[in-house]
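Here's the structure, in structure tokens; my notes come after.
Protein chains: 2
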Amino acid sequence: MYKKETELKNELEIAWKKAADVALSKSVNPTKSHKGALARTNIKKSCRRTLEKVGYHKMKIADVMQEAGMATGLFYHYFPDLRSLVLEVLLDFLSRFKGKILNKPALTKEEWYDVGYTYYFRIVKSYALYPGMMQCMKEMMWEETNFGALVRLVFIKSQEESLKKLPQEGIRGNMSNDQLRIILRALGSVGEELLIDYYITKESKISKLSISERAMAEYLTSLFYQAFFLEQPPLNKMKYAKDLKEWMKTQ
Amino acid sequence: MYKKETELKNELEIAWKKAADVALSKSVNPTKSHKGALARTNIKKSCRRTLEKVGYHKMKIADVMQEAGMATGLFYHYFPDLRSLVLEVLLDFLSRFKGKILNKPALTKEEWYDVGYTYYFRIVKSYALYPGMMQCMKEMMWEETNFGALVRLVFIKSQEESLKKLPQEGIRGNMSNDQLRIILRALGSVGEELLIDYYITKESKISKLSISERAMAEYLTSLFYQAFFLEQPPLNKMKYAKDLKEWMKTQ
DNA sequence: TACATTTTTGAATTTGAATTCAATTTCACA
DNA sequence: TGTGAAATTGAATTCAAATTCAAAAATGTA
Chain W
-8 MYKKETELKN ELEIAWKKAA DVALSKSVNP TKSHKGALAR TNIKKSCRRT
42 LEKVGYHKMK IADVMQEAGM ATGLFYHYFP DLRSLVLEVL LDFLSRFKGK
92 ILNKPALTKE EWYDVGYTYY FRIVKSYALY PGMMQCMKEM MWEETNFGAL
142 VRLVFIKSQE ESLKKLPQEG IRGNMSNDQL RIILRALGSV GEELLIDYYI
192 TKESKISKLS ISERAMAEYL TSLFYQAFFL EQPPLNKMKY AKDLKEWMKT
242 Q
Chain A
-8 MYKKETELKN ELEIAWKKAA DVALSKSVNP TKSHKGALAR TNIKKSCRRT
42 LEKVGYHKMK IADVMQEAGM ATGLFYHYFP DLRSLVLEVL LDFLSRFKGK
92 ILNKPALTKE EWYDVGYTYY FRIVKSYALY PGMMQCMKEM MWEETNFGAL
142 VRLVFIKSQE ESLKKLPQEG IRGNMSNDQL RIILRALGSV GEELLIDYYI
192 TKESKISKLS ISERAMAEYL TSLFYQAFFL EQPPLNKMKY AKDLKEWMKT
242 Q
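Here the protein sequences come in this chain order: W and A.
Everything in the first sequence is counted per this note's numbering, starting at -8 for the first residue and increasing by one.
Everything in the second sequence is counted per this note's numbering, starting at -8 for the first residue and increasing by one.
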């Protein structure tokens, strides 16, 4: 099972290039001075702030430039159009999900728990700190096919990497590659609704609960663990979601 | 656990009204003749076709009217703007998810499997037949808060309804209401990525596999079952996903 | 300090699609 | 078959936002 690391890495690089190409396809003026570089960065930062405030679909070039405190016309000195700017900002943001999760690959289920936790904690943190960016990412995934493909690949890669050394352990050990791929793809979206609900839309009863980021990550990790191994995760891993621990004890 | 049926129903009706209000807020001319009613329906049908072909964000009023074979200006005789039309079309579409899943509520885990299967099969079918509509629904959920809230509620309702009579059975029996709510919310998105991948974007290796709609529904139902009950579903339920059955036999 | 390069300005222009509208056709019913 | 109400047309208009541009300011360098 699981693609060779090099193969997956290449795939990722190609996807990254494709998505970046869209952002850079139209001739962008490279900055020609330190001042220019600062101004460009300033626009990108302003874009992030505006994204959090206004949201992608309502955001206009004028909004970004006003937030940046620069003249509207200057925008075109640095970016060809709004979408390219947003795409570039999102690609920067996406890199936070790209890095290795842990140095050591997990060899046992218990070890996997820690890797999974790191993976989910990173995601929870992103939703909590940058709900607007996460939302924009979701929206852009629909609008720009290449970007969507890239994001999916980044997450698949994290996921596969974390499970790479575990093929023999647990109940899924003797599934075929294709079966495993399907299951992982289906489990990849576990928690999405919950996170969107709790950190972005904040309408439901759940969003009224007070759940720490670490507890949230424990909830999600243990749910994935349960779904994948059909077992309870080790009790001692529940460090923040005390209520989950209590529940597990009653088994 | 689980809200009373009436309470949940009211909540749903309010959300439906809210979402519909957006679609109807701007004064819409009611049709005043049979011919008018036909024309209006024609526009809605054309909208669905155009949505499948072009997608929501690229679609223009002119596109819809051309597809309908009517003059552009006539649009305003029937709808105030494009978003209202799309919203109305989506609300019609959404009603396919609103109905009761089965007449008898599930009383045992095994019975739940059937309810769950019906639930998932309905969703799989929708993705398979109307990928454009499903995509548009997702996009609109981000754009129109009230619509998003409604869609979530519709699906939560189906889910809660299917599990209503099961509180005591299985490992989740002694979870608190809040815990259960969190878990269900998190599990609510199981399979999303897979379905989007397989029926909408069609880029990954998974989309090259040939999976029947019934097999897909079995995959998802059994995955939910495993995640929720930490058990394999009854072997005899696997009627189309033969490979899954084989795998389960090896346990 | 002079001068070429780069950055900056914001008003003027362009663009593409939404929206209006006056004129025409169709329809339903007496 | 005549009449008023409703539906239909598509060219003209409006609109909001993107885009351009000529001129001014800032910058770095010799």
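Glycine included, every Cβ here is placed at the ideal spot set by N, Cα and C.
Same chain, Cβ closer than 6 Å to residue i, neighbours up to 5 away in sequence not counted
i                : result
Gly139 (chain A) : Met132
Tyr231 (chain W) : Ser203, Arg205, Ala206 and Glu209
Leu211 (chain A) : Tyr111 and Gly182
Val115 (chain W) : Glu204, Met207 and Ala208
Glu130 (chain W) : Tyr47
Leu73 (chain A)  : Ile52
Burial state of residue i (16 or more Cβ within 10 Å)
i                 : result
Glu184 (chain A)  : buried
Pro224 (chain W)  : buried
Ala218 (chain A)  : buried
Leu226 (chain W)  : exposed
Ala28 (chain A)   : exposed
Glu79 (chain W)   : buried
Lys228 (chain A)  : buried
Lys(-5) (chain W) : Here the model assigns Lys(-5) (chain W) a pLDDT of 48, short of 50, so the residue's position is not dependable and the matter cannot be decided.
Chain-order list of residues whose beta-carbon lies under 8 Å from that of residue i (same chain, five-residue window excluded)
i                : result
Asn137 (chain A) : Ala6, Lys9, Ala10, Asp12 and Val13
Leu214 (chain A) : Val181 and Gly182
Asp188 (chain W) : Glu194, Ser195, Ile197 and Ser198
Leu85 (chain W)  : Met128, Leu141, Val142 and Val145
Lys156 (chain W) : Pro96, Ala97 and Leu98
Three-way DSSP call (helix, strand, coil) for residue i in this model
i                : result
Asp72 (chain W)  : coil
Gly60 (chain W)  : coil
Glu134 (chain A) : helix
Leu157 (chain W) : coil
Leu98 (chain W)  : coil
Val181 (chain W) : coil
His48 (chain W)  : coil
Ala232 (chain A) : coil
Glu222 (chain W) : coil
Ile147 (chain W) : helix
Met166 (chain W) : coil
Pro21 (chain A)  : coil
Ile173 (chain W) : helix
Gly123 (chain A) : helix
Thr241 (chain W) : coil
Lys199 (chain A) : helix
Asp9 (chain A)   : For the sequence presented, residue 9 (chain A) should be read as Lys rather than Asp. Looking at Lys9 (chain A) - three-state DSSP - the assignment turns out to be helix.
Glu194 (chain A) : coil
Gly90 (chain A)  : coil
Leu3 (chain A)   : helix
Spatial distance of residue i from residue j (CA atoms)
i                : j                : result
Glu152 (chain A) : Lys199 (chain A) : 35 Å
Lys236 (chain A) : Ile162 (chain A) : 23 Å
Glu194 (chain A) : Leu42 (chain A)  : 20 Å
Leu3 (chain A)   : Ala97 (chain W)  : 45 Å
Ala119 (chain W) : Ser37 (chain A)  : 41 Å
Glu135 (chain A) : Met125 (chain W) : 17 Å
Glu58 (chain A)  : Arg39 (chain A)  : 10 Å
Leu171 (chain W) : Val55 (chain A)  : 42 Å
His25 (chain A)  : Pro122 (chain A) : 32 Å
Tyr67 (chain A)  : Asp105 (chain W) : 58 Å
Lys177 (chain A) : Thr22 (chain W)  : Per the sequence shown, the amino acid found at residue 177 (chain A) is Ala instead of Lys. The alpha-carbon atoms of Ala177 (chain A) and Thr22 (chain W) are separated by roughly 45 Å.
Arg87 (chain A)  : Leu81 (chain A)  : 10 Å
Lys100 (chain A) : Ile92 (chain A)  : 16 Å
Ser201 (chain A) : Ile173 (chain W) : 12 Å
Lys35 (chain A)  : Val77 (chain A)  : 8 Å
Asn94 (chain A)  : Ser117 (chain A) : 21 Å
Thr192 (chain A) : Leu186 (chain A) : 9 Å
Lys240 (chain A) : Glu102 (chain A) : 21 Å
Gly164 (chain W) : Ala62 (chain W)  : 60 Å
Ala30 (chain W)  : Gly60 (chain W)  : 10 Å
Nonlocal neighbours in the same chain, by C-beta distance under 7 Å from residue i, ignoring five residues either side
i                : result
Gln150 (chain W) : Leu175 and Gly179
Gly107 (chain A) : Ser153, Thr212, Phe215 and Tyr216
Lys89 (chain W)  : Val145
Asn20 (chain W)  : His68 and Tyr69
Leu65 (chain A)  : Met56
Phe220 (chain W) : Lys100, Gly161 and Ile162
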